[in-house]
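Q: Numbers given in the numbering used here equal positions in the sequence shown, counted from 1, plus 2.
Note that the Cβ used here is the ideal one computed from N, Cα and C, for glycine as well.
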Amino acid sequence: MKNNLKKLIAAALIFMSVFSCFSAGAFADEVGRVSCSMYGGGAAGRGFCWFTSEKGSSDLQIVKASEFTGSFGNAKCYSGEAAFYRDRYSHQVAVQDLEPGTKYFYRVGDAQKDLWSETCSFMTDDADGRFSFVTIADVQASSEENFEQASKTLRGALSVMPEAEFIVNLGDYVNDNTNDEWDWYFKSFGFANNYYTGVPVAGNHDGNITNKLNTFCFPNTFCLDETHNRSLEGVYYSFDYGNAHFAVLNTNDMYPMSRAQRNWLINDMSASNAMWKIILMHRSLYSAGKNINKPDTIVMRDVLLPIIDMLDIDLVLSGHDHMYMRTSQVSGDKAVENVEYVTEYFGGEETTFALDPDGTVYIIPSTAGTKRYVVNDDAIDPIHKVAAVEFSTRDLGGCFATTEIEDGRLIYKAYVVNDGTGEISKVDEYAIKKTAPGNTDKITLDESAFSSIISFLPDFVVAFAKMLVSYVKLLIQVTVK
Ligand SMILES: [Fe+2]
3 MKNNLKKLIA AALIFMSVFS CFSAGAFADE VGRVSCSMYG GGAAGRGFCW
53 FTSEKGSSDL QIVKASEFTG SFGNAKCYSG EAAFYRDRYS HQVAVQDLEP
103 GTKYFYRVGD AQKDLWSETC SFMTDDADGR FSFVTIADVQ ASSEENFEQA
153 SKTLRGALSV MPEAEFIVNL GDYVNDNTND EWDWYFKSFG FANNYYTGVP
203 VAGNHDGNIT NKLNTFCFPN TFCLDETHNR SLEGVYYSFD YGNAHFAVLN
253 TNDMYPMSRA QRNWLINDMS ASNAMWKIIL MHRSLYSAGK NINKPDTIVM
303 RDVLLPIIDM LDIDLVLSGH DHMYMRTSQV SGDKAVENVE YVTEYFGGEE
353 TTFALDPDGT VYIIPSTAGT KRYVVNDDAI DPIHKVAAVE FSTRDLGGCF
403 ATTEIEDGRL IYKAYVVNDG TGEISKVDEY AIKKTAPGNT DKITLDESAF
453 SSIISFLPDF VVAFAKMLVS YVKLLIQVTV K
C-alpha cells in the first residue's frame, strides 16, 4: 500500500514537472512591442514602453554609446510602472536627464527575471538649429502582409534620410486595434522603432471613445508626456527639438476638440520663442480626400484655423485622408497672395524658398500603407482653392516625407516607394526661409475649466450648432453644384 502511494506521488510529480516545463515552454514570457518616444524635450527626455505577458518589474538599462562595451554592466538603471492592459502588461519608464547630442544603447525588461529586450538605441538632440526627421501616416493595416508592405515605405524613408533624428507617425497605426494588429505592427516596424525615437500621434483607429476596444490603447502603447492630458482616446503633448517647437494634438479628444486642449495649445505654443512652430495631428483641416466633408472635420477646421493663424504656425503635418495634399501658404482660410521667393543652394541643390511667408502650409503625406483614397472633387470650398498640390497615390506606392531644418531654412520633400519595383521617386518639394520667429506674444488661458464632460457640454452644444450650420451650407453648395 505504502509502495503504491509512493509510486502514485512520484507519477504525479513527474506529470506536474513535465506539464510545468511544457507550460513554461509554450507560454514563455518575452519582451515585446518596444518603443522609445519623445518625452518632455528632444535633448534630455525619452519615454520607453514595452509589453510582457506576465507580471514583473519595469526596468530600463541605458548607457552612452561611447561607454558601451557590449554589455550593460555599467548601465544606468531606471524603474517604472506596469499596468494590466487587455491580456498583458504595459510597462513604462520616462527619463528626463539624458545628455544632449548623445547616442545611447538601452534594453528594457525585468532585472529580477533577467528578462530583456534586444539591445536598442536612439540619439538625443544636440540642440543646435540643424536636424531632420521623417514622417509617415496611416499605415492602418489589418493583415501581417499589409504591415510588412507598409514597413517598406519607412525602410525607403530611412534609406533616403538615414541621418533622421526621429520618426513622426501621424496616426492610424492599426485598423481594428486588435492585439494581433499591434503585434504585426511592432514586428514589421521593429527595424526602425528599436533604433530611432518615435513621435506618435493618436489616430481615430488607435483610440476612439465610440469603440470600447480602443479606449486607453494609445496611452498604454506609448510612454508619452501626459502632464496635460491622458484620455481614453489619446494624448496631446509638445517638445522642443533644435530651434523648433512641436505640438502633437489628439484629434480624438472630445468633439471636435476640447476647450482644454485648445487652451493648452495656445498656452504651449505662445510660450515658445522657437524659430519654427510645427503642429502634428491626425485629422486634417485641409484635404481633398473623402473625410473633408464629414462633420467632425468641418467643425474642427472652424475651431482650429483661427488659433493656428494667431499662433503663427509654420507647418501642419496631418493624415487621415490617405491622399497627398500640400496647400499654398494659408491665412484666414485663404491662400496668401504675393509670397516672395528666393532661390539658393541647399545641400548642393538649387532650392526655391518662400521667404518669410505669412500663413501656414498644411500637408498630408498621403499614406505609407496600401489603403489609398482618390481625390474628392466634391471637397468643400475653399479646399481646392488653397491646394498647391493634390493627387492620389493609389497607383504610385507608399508615401513618406522628409523634413530638414537648418537654422532659418526648412526643406520638405515627399517620396513614393513603388509597390512593385521598390523604386523611390520624389513627388513634391517645398521650402521656407525665415529671418525671424513669428508671433511671440505669450497668452495664458485656463486649461482645466473645460476638461470635464459636464463643463464641456455648453461648448459642445455651441460647436454642434456651428457644425450643423456648416453642414447645411455644404449641402446647399453640393446641391447647387
Ligand atoms: Fe484616420
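1) In angstroms, rounded to a whole number, what distance separates the CA positions of residue 26 and residue 310?
2) How about residue 79 and residue 223: are their beta carbons less than 9 Å apart?
3) Check the DSSP bridge columns for residue 94 and list the partner residues they point to.
4) Determine the extent of the beta strand (DSSP E) in which residue 125 is found, giving its start and end residues.
5) At a cut of 8 Å, does the stretch 171 to 182 reach the stretch 137 to 157 through at least three beta carbon pairs?
6) Between which residues of its own chain and residue 505 is the CB-CB distance below 6 Å, once the five residues before and five after are set aside?
7) Over what stretch of residues does the alpha helix (DSSP H) that includes residue 299 continue unbroken?
8) Is residue 468 close to chain B? Criterion is C-beta to C-beta, closer than 9 Å.
9) Classify residue 473 as helix, strand or coil using the three-state DSSP reduction.
10) Based on the DSSP output, what are the partners of residue 336 in its beta bridges?
11) Give a single yes or no on whether residue 378 has its beta carbon closer than 8 Å to a heavy atom of ligand 1.
12) Run the proximity test for residue 76: is its beta-carbon closer than 8 Å to any non-hydrogen atom belonging to ligand 1?
13) For residue 275, report the span of its alpha helix (DSSP H) as first-last.
14) From what residue to what residue does the beta strand (DSSP E) around residue 428 run?
15) Which word fits residue 384, buried or exposed, when buried means at least 16 other C-beta atoms lie within 10 angstroms of its C-beta?
16) At what residues does the beta strand (DSSP E) containing residue 413 begin and finish?
17) Contact defined as beta carbons within less than 8 Å: I believe residue 60 pairs with residue 82. What is the distance between those atoms, to the nearest angstrom?
18) Give the straight-line distance between the Cα atoms of residue 1 and residue 129, rounded to the nearest whole angstrom.
19) Of all the options 155, 66 and 191, which has the alpha carbon lying nearest to the alpha carbon of residue 37?
20) Going straight from the alpha carbon of residue 469 to that of residue 304, what length do you get?
21) If residue 419 and residue 155 are in contact, beta carbons under 8 Å, what's the gap, nearest whole angstrom?
22) What residue does the beta strand (DSSP E) around residue 102 start on, and which one ends it?
23) From residue 116 to residue 402, what does the alpha carbon distance come to, in whole angstroms?
A: Taking the coordinates as given:
1) Bear in mind that the predicted position of residue 26 carries a pLDDT of just 35, short of 50, making it too unreliable to give a figure here.
2) no
3) 51 and 83
4) 122 to 125
5) yes
6) Residue numbering for the chain in the displayed model covers 3 to 483; residue 505 lies beyond these limits and cannot be assessed.
7) 297 to 312
8) Protein chain content of the structure displayed is limited to a single chain, and chain B is not contained in it.
9) helix
10) 333
11) no
12) no
13) Note, residue 275: premise wrong, no alpha helix (DSSP H); not H, not E.
14) 426 to 435
15) exposed
16) 411 to 420
17) 4 Å
18) Outside the modelled stretch of the chain, which goes from 3 to 483, sits residue 1, for which no answer is possible.
19) 191
20) 9 Å
21) 5 Å
22) That residue, residue 102, is in no beta strand (DSSP E); it is neither H nor E in DSSP.
23) 38 Å
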